[in-house]
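Numbering (my numbering), first residue to last: 28 to 197. Note that the Cβ used here is the ideal one computed from N, Cα and C, for glycine as well.
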Amino acid sequence: MDEKNNIKHKVKYMLPTIAIMLVVVALDQWTKALIRDRLALIGVSEVIKGFLEFSYSENTGAAFGTFQGRNVIFIAIGILAIFFISYIYFNMRESIWNKISFGLILGGALGNLIDRIAFGFVTDFIRIRVTQSIWWPNFNIADAGITVGAIMFIVYKFIESYKAKNPEEQ
């Protein structure tokens, strides 16, 4: 394959991932802007009684609110993570699972990075009841994208590994 066709192929390969990434970033930033604008003053809005609420919080730390106040470190980690994930993506076998999962992960990472750079914190607002007295820590669309993308990627890797070890079952 000559260089021009190789570039066209890579661009064509990347388009679904970029589209998914942009949708995640747009949805994430739009919902966070709505929450900051409308919910920051009142704090909590019940969506599904006893199960789901929107509860405004500013997270200057990592997952589940750990390591608060280290924004510069998390900006650096976010940038490095995007480069690292992109490197892995470009060196993987082409598959629709990889395109979707990496689009979700990159979109989530970029969405939270935008918040950290623009505001010094990540806006979290989705809160789900796990049991009668336990609520899952607040999260956002970007976090959901990262989580769903990572789970998809891991499941795909298990399936791919199983198929490689058991070719007779295909």
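* Asked: Per DSSP, what kind of secondary structure is E187 in: helix, strand or coil?
  -> helix
* For S188, count neighbouring Cβ atoms within 10 angstroms of its own Cβ and tell me buried if that reaches 16, exposed if not. => exposed
* Reference L131, options H36, L42 and V51, closest by Cα -> V51
* To do: For F166, write down the residues that DSSP places opposite it in a beta bridge.
  => I153
* Given a threshold of 16 other Cβ atoms within 10 Å of its Cβ, counted over all protein chains shown, does F228 qualify as buried or as exposed? -> Absent from the structure is residue 228, since the part of the chain shown begins at 28 and ends at 197.
* Asked: Around the Cβ of I47, are there at least 16 other Cβ atoms within 10 angstroms (buried) or fewer (exposed)?
  -> buried
* Buried/exposed call for S128, threshold 16 Cβ in 10 Å -> buried
* To do: Reducing DSSP to helix, strand and coil, say where N33 ends up.
  => helix
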